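Take a look at the structure below.
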Amino acid sequence: NMSGRGEIVGDSVYDSRILKIAGGTWSVARHPLHADKPEKTGVGPGMSFARSIVDFVPAPVGLVPCAFGGSEIQRWIADGDLLQAAKETVAKGQAAGGVLKGILWHQGESDCGSEEMASLYIDRLQQL
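Residue numbers for the sequence shown follow our numbering, beginning at 1 and rising by one.
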């Protein structure tokens with residue numbers, strides 16, 4: 001799950017070149033990155049992704065946590081509430097000096113509840 005549902009075990013070593021935006025401020029990123037469901041948060045793919053690229057980019061890697069576990073793709077397209085919230089978070093990151101260079105997308109489990117929903121997924125993803 002992009003939000004991070006894996007168990008956080010032991011102490012982690014943090015990299016000062018990997019940041020996350022929260023409340024309009026950049027800080028060193030730590031698990032959990034997302035706060036969508038505080039009772040379930042944990043380890044997700046964002047930090048691993050950042051660790052895999054940080055040595056190959058000239059500036060710090062800034063993560064913009066926007067995931068919401070269990071969300072349908074329709075909430076992420078057009079005027080969807082989660083898309084609007086993500087845009088606001090990105091804007092805060094940009095206002096604090098960040099530059100959007102890419103998007104790490106991991107979603108879809110909630111769109112496979114029926115064959116009809118699953119068959120619409122590709123079209124909806126392209127709308128995103």
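Heads up, the beta-carbon is just placed ideally off N, CA and C, and yes, glycines get one too.
Since the model is a prediction, treat every value here as computed from it, not as a measurement.
Among the candidates the options, whose CA atom is the shortest distance from the CA of residue i?
{"i": "Gly130", "options": "Gln127, Gly69 and Ile73", "result": "No answer is possible for residue 130: the residues shown for the chain start at 1 and end at 128."}
{"i": "Ile53", "options": "Gly102, Ile122 and Gln127", "result": "Gly102"}
{"i": "Arg124", "options": "Cys66, Ile73 and Met2", "result": "Ile73"}
{"i": "Leu100", "options": "Ala29, Ser110, Ala59 and Ile122", "result": "Ala59"}
{"i": "His31", "options": "Ile8, Ala50, Ala96 and Leu63", "result": "Ile8"}
{"i": "Cys112", "options": "His106, Tyr121, Gly80 and Thr89", "result": "Tyr121"}
{"i": "Lys40", "options": "Ala67, Ala50 and Ser119", "result": "Ala67"}
{"i": "Trp105", "options": "Glu88, Asp79, Ser71 and Thr25", "result": "Ser71"}
{"i": "Thr89", "options": "Thr25, Met2 and Asp15", "result": "Thr25"}
{"i": "Arg51", "options": "Glu116, Ser16, Glu109 and Ser119", "result": "Ser16"}
{"i": "Lys37", "options": "Met2, Ala29 and Phe49", "result": "Met2"}
{"i": "Gly62", "options": "Leu33, Glu116 and Met117", "result": "Leu33"}
{"i": "Ser110", "options": "Phe49, Trp76 and Tyr14", "result": "Trp76"}
If you count every other CB in all the chains shown that lies within 10 Å of the CB of residue i, and 16 or more means buried, which is it?
{"i": "Ala35", "result": "exposed"}
{"i": "Gln84", "result": "exposed"}
{"i": "Val57", "result": "exposed"}
{"i": "Ser27", "result": "exposed"}
{"i": "Leu82", "result": "buried"}
{"i": "Gly6", "result": "exposed"}
{"i": "Ala29", "result": "buried"}
So who's on the other strand from residue i, going by DSSP bridges?
{"i": "Ala22", "result": "Thr25"}
{"i": "Leu63", "result": "Lys20"}
{"i": "Val43", "result": "Gly6"}
So, under 8 Å CB-CB, residue i and residue j are touching, yes? Tell me the CB distance rounded to an integer number of Å.
{"i": "Val64", "j": "Gly93", "result": "5 Å"}
{"i": "Ala78", "j": "Gln127", "result": "7 Å"}
Would a check of beta-carbon distances place residue i closer than 8 Å to chain D?
{"i": "Val43", "result": "The structure shown has no chain D; it contains just one protein chain."}
> Are the segment 17 to 27 and the segment 37 to 45 touching, with three or more C-beta to C-beta distances below 8 Å?
Replying inline: no
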